[in-house]
Amino acid sequence: MSAPDPSKLSLNTATVREKWNLAQAIEGCARHGFRGISPWRDQVAELGLKKAASLVKSHELTVTGLCRGGFFTDKDWRDDNRRAIEEAHALGAQCLVLVVGGLPAGSKDLPGARNQVKDGIAEILPEARKAGVPLAIEPLHPMQAADRACVNTLEQALDLCDVLGEGVGVAVDVYHVWWDPKLESQVGRAGRKRILAYHICDWLVPTRDLLNDRGMMGDGVIDLPKIRGMVEGAGYAGFHEVEIFSKLDWWQRDPDTVLSTCKDRHARMT
Ligand code: ZN
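Each residue of the sequence shown is one higher than the one before, starting from 238 at the first, in my numbering.
Set out below in structure tokens:
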């Protein structure tokens, strides 16, 4: 496995969002040599869409994804996803990340929720295509099936892509897929065309919080070089986006330290 290309490093701004707003994150990326950034919509709204787009541009950053659309099992999903597509377009994002939503409130009908997700994506897809915004379905670890995403494996996400056609792909986040016995075959199946984003962090043992205890690359049990090998072997040549939700650790640290650690770990541990 050759060393990862440092120019492929991207920062998902959730990694530093407790201490930095979007403008600070953009400047931080530029300062630390990150060439990509993936902002969250609430931060874009706070800074202003136009301002965010112009700052990203003036710092010559690639927007490797906009977080996020989806939640197709919520009530107001249509308008929200329409706005998300517009924002992704304005930012020149490489994709709009879809966290598809879990069970509707009060429901135990998981197959029904999955159907709702399929229908929801199908409904917004024409607008996404028109705007030139690829939709990246992010399968989430099954522990989040009830409350965040009822699409839980790459296979499931790719089956959706097969049904939906052009303009839809997947975000491969190691945190969500590392355990999957079918990972290698499904990454191969996805191929260059459908892998729209690659998110990295690590799985800590023990995990103390189901959502916000992700590890820094190298601190956990995920074989990151191996998964990068699969993804690049499938033809993916895009960014490696660091996405670390870490309430108990990294969110409390100085973001400049976090970014320099990301850079070092990306080079040595991924
Ligand atoms: Zn992710």
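For each residue, glycine too, the CB sits at the ideal point set by N, CA and C.
{"Check": "Euclidean distance between Cα positions of Gly452 and Ser483", "Outcome": "7 Å"}
{"Check": "Cβ contact check for the stretch 433-450 and the stretch 257-272: 3 or more pairs under 8 Å", "Outcome": "no"}
{"Check": "Same chain only: Cβ atoms within 6 Å of Ala365, ignoring 5 sequence neighbours per side", "Outcome": "Ile322, Leu372, Gly404"}
{"Check": "Status (buried if at least 16 other CB within 10 Å, exposed otherwise) for Gly475", "Outcome": "buried"}
{"Check": "CA-to-CA distance, Leu377 to Val334, given in whole angstroms", "Outcome": "12 Å"}
{"Check": "Heavy atom of ligand 1 within 7 Å of Ala382 beta-carbon", "Outcome": "no"}
{"Check": "Among Ser239, Met238, Leu248, nearest to Ser497 - alpha-carbon criterion", "Outcome": "Leu248"}
{"Check": "Any non-hydrogen atom of ligand 1 within 7 Å of Asp491 CB", "Outcome": "no"}
{"Check": "Of the residues Ile358, Gly455, Gly343, Arg385, the one placed nearest Val411, counting alpha carbons only", "Outcome": "Gly455"}
{"Check": "Exposed unless 16 or more other CB atoms sit within 10 angstroms - verdict on Thr250", "Outcome": "buried"}
{"Check": "Cβ-Cβ separation, Pro341 to Ala504 (assumed contact under 8 Å), whole Å", "Outcome": "That belief does not hold up - the Cβ atoms of Ala504 and Pro341 are roughly 44 Å apart, past 8 Å."}
{"Check": "Span of the alpha helix (DSSP H) around Arg230", "Outcome": "This structure cannot settle anything about residue 230, because the visible part of the chain is limited to 238 through 507."}
{"Check": "Distance, Leu397 Cα to Ala290 Cα", "Outcome": "31 Å"}
{"Check": "Local conformation of Ser295 per DSSP, three classes", "Outcome": "helix"}
{"Check": "Any non-hydrogen atom of ligand 1 closer than 7 Å to Asp410 Cβ", "Outcome": "yes"}
{"Check": "Thr510 and Ala359 closer than 8 Å at C-beta", "Outcome": "For the chain, the structure presents residues 238 to 507; residue 510 sits outside this window and is missing."}
{"Check": "Sequence-distant residues of its chain with Cβ nearer than 6 Å to Ser244 (five each side left out)", "Outcome": "Arg272"}
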